[in-house]
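Residue numbers (this note's numbering): 460 to 938.
Worksheet: one structure, shown below.
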Ligand SMILES: *Cc1c(COP(=O)(O)O)cnc(C)c1O
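Structure, rendered in structure tokens:
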């Protein structure tokens with residue numbers, strides 16, 4: 460077949476209508492909208508034309524051109540249609556071992572929290588209706604009492620995330636005035652949240668005191684002026700300053716605050732309600748401790764160590780919280796009904812001290828010990844070897860996981876992984892096949908192996924992982 464004579468070959472590309480009537484396309488039409496199929500067929504036919512014209516595609520001998528090109532269009536159009544039909548936000552199996560992985564959606568919710576979201580989504584709810592009086596209610600009511608009970612604070616408010624919580628608190632308490640912060644606590648979180656910049660946004664001006672490694676109570680005292688509105692303590696949740704250091708504690712700040720009649724705010728960031736020592740982790744200040752030490756306002760995330768939905772939780776003295784609630788900014792950063800429902804369910808998990816560590820997945824994953832994870836890794840390696848032993852070496856190995864989410868940066872969690880060393884493709888190629896798979900799989904590349912840390916593998920995900928991995932190794936091997 461003279462490939463240069465492409466114009467004549469075009470005639471063998473079947474018309475769109477004809478392709479859509481083929482059984483393969485009819486069956487796709489059961490789940491994919493016709494308009495999507497139509498544009499996939501057009502796209503596939505267009506690409507075929509281009510390839511015939513450029514000579515990139517030549518027709519095989521022995522097959523009628525019409526049959527060959529029809530099959531080509533159907534195959535390509537099916538792939539294109541399935542691809543554009545696939546949701547853009549996809550399921551990912553997290554084998555990185557990073558429990559609070561911001562890029563992978565941070566906290567996995569408890570079963571009760573998932574049920575609550577489902578219920579909130581499936582019908583109406585009393586989101587802003589007081590069922591006792593029949594009058595308008597507050598969307599914060601379902602969580603405010605729980606937060607007060609769990610943290611010991613007088614009042615609570617929940618906004619979109621902790622960055623919004625800090626912005627709202629500063630804007631309410633210190634707009635047009637000064638806030639004193641230690642130079643050791645000018646935190647940046649994930650690139651776009653920096654304490655000095657949030658301060659500017661809030662309209663408050665930053666007064667930096669002390670040195671990077673040491674800030675003494677007298678540094679705060681000397682900086683107080685008639686313009687001072689607030690003393691701010693920021694928990695250095697994602698880094699540590701070690702060695703010759705001195706941080707002024709919340710209790711010391713509270714003493715200075717009462718000396719000058721100034722409120723003290725603590726941005727805790729990760730905000731744990733449990734003593735992290737109980738999870739086998741280094742100590743973190745709990746929200747209860749900071750409240751007990753006398754902080755007037757405390758802010759923390761809902762989806763870090765708490766293990767709930769994305770939210771910024773503010774607890775503290777009623778007088779300050781009331782002022783925040785009437786700030787118009789609160790309306791701009793308010794939470795939706797899914798967050799209210801999932802947060803309430805998550806907080807209720809903490810009422811059962813005996814079960815919370817198992818029921819909140821974040822806490823369960825963080826507290827899993829290496830000797831508990833070992834058998835899981837061995838079983839996974841066995842299944843992988845059975846499914847794809849000829850295409851890769853699977854070795855059980857020790858690894859350290861990370862908490863993630865900008866929490867407990869120095870904590871190494873002893874864990875177990877399966878190291879995958881593919882025979883015919885590189886580990887980097889395998890990682891790329893796995894990202895394209897359904898569900899996608901994310902591991903950790905190290906040298907020539909892909910490490911699968913089992914700490915973050917959820918119950919029930921193992922078989923899907925084995926299947927996807929075997930397929931990715933085969934797909935890679937066959938080109
Ligand atoms: C994570 C963090 C924030 C930002 O919280 P988001 O919920 O991600 O908006 C702010 N401050 C500190 C100290 C943090 O650790």
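Built from N, CA and C at the ideal position, the CB exists for glycine as well.
Source: prediction; values computed, not measured.
Practice task
Taking all protein chains shown into account, decide if residue 522 is buried (16 or more other Cβ within 10 angstroms of its Cβ) or exposed.
Solution key: As a first step, residue 522 must be located in the chain shown, where it is residue number 63. Per the 10 Å Cβ criterion, exposed.
Problem - Between the CA atoms of residue 723 and residue 689 - distance to the nearest angstrom - result: If you number the chain shown from 1, residue 689 lands on position 230. If you number the chain shown from 1, residue 723 lands on position 264. Going by the C-alpha atoms only, they are around 6 Å apart.
Practice task
Starting from residue 760, trace the beta strand (DSSP E) both ways and give me its first and last residue.
Solution key: Along the chain shown, one-based indexing puts residue 760 at 301. Per DSSP, residue 760 belongs to the beta strand (DSSP E) from 756-760.
Exercise for the section: Check whether the Cβ of residue 621 sits closer than 7 Å to any heavy atom of ligand 1, and report yes or no. Expected result: Here residue 621 is taken as the residue at index 162 of the chain shown, counted from 1. Under cutoff, so the answer is yes.
Exercise for the section: May I ask you to list the residues that DSSP assigns as paired with residue 837? Expected result: The residue you call residue 837 lines up with position 378 of the chain shown. According to DSSP, residue 837 bridges with nothing at all.
Exercise for the section: Enumerate in chain order the residues of its own chain whose CB-to-CB distance from residue 783 is below 7 Å, with the five nearest sequence positions on each side excluded. Expected result: Mapped onto the chain shown, residue 783 falls at position 324. 616, 627, 628, 631, 773, 789.
Exercise for the section: Have a look at the DSSP bridge pairing and note the partners of residue 854. Expected result: Locating residue 854 in the chain shown gives position 395, counting from the first residue. For residue 854, which the question treats as bridged, DSSP gives the partners 878.
Exercise for the section: Spatial neighbours of residue 537 within its chain, please: CB distance less than 7 Å, with the 5 preceding and 5 following residues excluded, ordered by chain position. Expected result: Locating residue 537 in the chain shown gives position 78, counting from the first residue. Cβ within range, chain order: 483, 487.
Exercise for the section: May I ask you to verify whether the segment 554-566 touches the segment 901-915, counting CB pairs closer than 8 Å and requiring at least 3? Expected result: yes
Problem - Segment contact, 8 Å Cβ cut-off, at least three pairs: the segment 857-867 with the segment 757-776 - result: yes
Exercise for the section: Mark residue 779 as exposed unless 16 or more other C-beta atoms lie within 10 angstroms of its C-beta, in which case mark it buried. Expected result: On the chain shown, position 320 is the one that residue 779 refers to. That one is buried.
Exercise for the section: Between the Cα of residue 939 and those of 701, 683, 664, spot the shortest distance and give me the residue it belongs to. Expected result: Nothing about residue 939 can be read from this structure; the chain reaches only from 460 to 938.
Handout entry: residue 581 (DSSP reduced to helix, strand or coil)
Key = Position 122 of the chain shown, counted from the start, is the residue given in the question as residue 581. The answer is helix: DSSP assigns residue 581 an H, G or I state.
Practice task
List the residues that DSSP assigns as beta-bridge partners of residue 595.
Solution key: Residue numbering aside, residue 595 sits at position 136 when the chain shown is read from its first letter. DSSP lists 588 as partners of residue 595.
Practice task
Return the residue from the list 877, 810, 825, 814 that minimises the CA-CA distance to residue 842.
Solution key: Along the chain shown, one-based indexing puts residue 842 at 383. Nearest of 877, 810, 825, 814 to residue 842, Cα basis: 877.
Exercise for the section: Using DSSP bridges, identify the partner residues of residue 899. Expected result: Within the chain shown, the letter at position 440 stands for residue 899. The partner list for residue 899 (beta bridge, DSSP) reads 551.
Practice task
Taking only heavy atoms of ligand 1 into account, decide whether any of them is closer than 7 Å to the Cβ of residue 726.
Solution key: In the chain shown, the residue the question calls residue 726 occupies position 267. True, at least one ligand heavy atom lies under 7 Å from that Cβ.
Exercise for the section: Give every residue of the same chain whose Cβ lies closer than 7 Å to the Cβ of residue 716, excluding the five residues on either side of it in the sequence, and list them in chain order. Expected result: In the chain shown, the residue the question calls residue 716 occupies position 257. Closer than 7 Å at Cβ, skipping near neighbours: 690, 722, 723.
Handout entry: In DSSP terms, what residue 687 is bridged to
Key = Here the question's residue 687 lines up with position 228 in the chain shown. 637.
Exercise for the section: Please confirm whether any heavy atom of ligand 1 lies closer than 7 Å to the CB of residue 576. Expected result: For the purposes of this step, residue 576 is taken as the residue at position 117 of the chain shown. Not under cutoff, so the answer is no.
Problem - Stretch pair the segment 796-812 + the segment 600-614: three plus CB contacts closer than 8 Å - result: By the C-beta criterion, the segment 796-812 is judged to be in contact with the segment 600-614, since at least 3 inter-stretch pairs fall below 8 Å.
Problem - Residue ranges of each beta strand (DSSP E) within the segment 473-560, 3 or longer - result: 551-553
Handout entry: Anticipated Cβ contact below 8 Å, residue 638 with residue 665, distance rounded
Key = Your numbering for residue 638 matches position 179 in the chain shown. Your numbering for residue 665 matches position 206 in the chain shown. Sure, about 6 Å apart at Cβ, within 8 Å.
Practice task
Within the same chain, show all residues whose beta-carbon is closer than 7 Å to that of residue 621, passing over the 5 residues directly before and after it, in chain order.
Solution key: Here residue 621 is taken as the residue at index 162 of the chain shown, counted from 1. For residue 621, where only same-chain residues beyond five positions count, the Cβ hits under 7 Å are 728, 758, 759, 760, 771.
Problem - 6 Å CB neighbourhood of residue 661 in its chain, flanking five on each side removed - result: Working through the chain shown from its first residue, we reach residue 661 at position 202. These residues qualify, in order along the chain: 626, 629, 630.
Handout entry: Unbroken alpha helix (DSSP H) run spanning residue 605, endpoints
Key = The count along the chain shown starts at 1 and reaches residue 605 at position 146. Where residue 605 is concerned, the enclosing alpha helix (DSSP H) stretches over 600-610.
Exercise for the section: Please list, in chain order, all residues of the same chain as residue 731 whose beta carbon is under 6 Å from its beta carbon, the five residues on each side excluded. Expected result: In the chain shown, residue 731 corresponds to position 272, counting from 1. Once the five neighbours on either side are set aside, the close Cβ partners of residue 731 are 743, 745, 764.
Exercise for the section: Would you check if the distance between the CB atom of residue 663 and the CB atom of residue 713 is smaller than 8 Å? Expected result: In the chain shown, residue 663 corresponds to position 204, counting from 1. In the chain shown, residue 713 corresponds to position 254, counting from 1. Contact flag unset, no.
Exercise for the section: Go ahead and pull the three-state DSSP assignment for residue 966. Expected result: The structure shown does not extend to residue 966, since the chain is modelled only from 460 to 938, so the question has no answer here.
Handout entry: Unbroken alpha helix (DSSP H) run spanning residue 934, endpoints
Key = The sequence position of residue 934 within the chain shown is 475, counting from 1. Segment 921-936, the alpha helix (DSSP H) holding residue 934.
Problem - Proximity test, residue 862 beta-carbon vs ligand 1 heavy atom, cut-off 7 Å - result: Taking the first residue of the chain shown as 1, we reach residue 862 at position 403. Closer than 7 Å to some heavy atom of ligand 1: that does not describe the Cβ of residue 862.
Exercise for the section: Starting from the C-beta of residue 817, find all residues in its chain whose C-beta is less than 8 Å away, skip the five residues before and the five after it, and write them out in chain order. Expected result: Position 358 of the chain shown holds residue 817. Here the set comprises 823.
Problem - Assigned exposure category for residue 599 - 16 Cβ within 10 Å defines buried - result: Reading the chain shown from its first residue, position 140 is the one you call residue 599. So residue 599 ends up on the buried side.
Practice task
Determine the extent of the beta strand (DSSP E) in which residue 614 is found, giving its start and end residues.
Solution key: Against the chain shown, residue 614 aligns to sequence position 155. Residue 614 -> beta strand (DSSP E) spans 614-618.
Handout entry: Coarse secondary structure for residue 735, derived from DSSP in three states
Key = Sequence index remark: in the chain shown, residue 735 carries index 276 (1-based). Three-state DSSP puts residue 735 in a helix.
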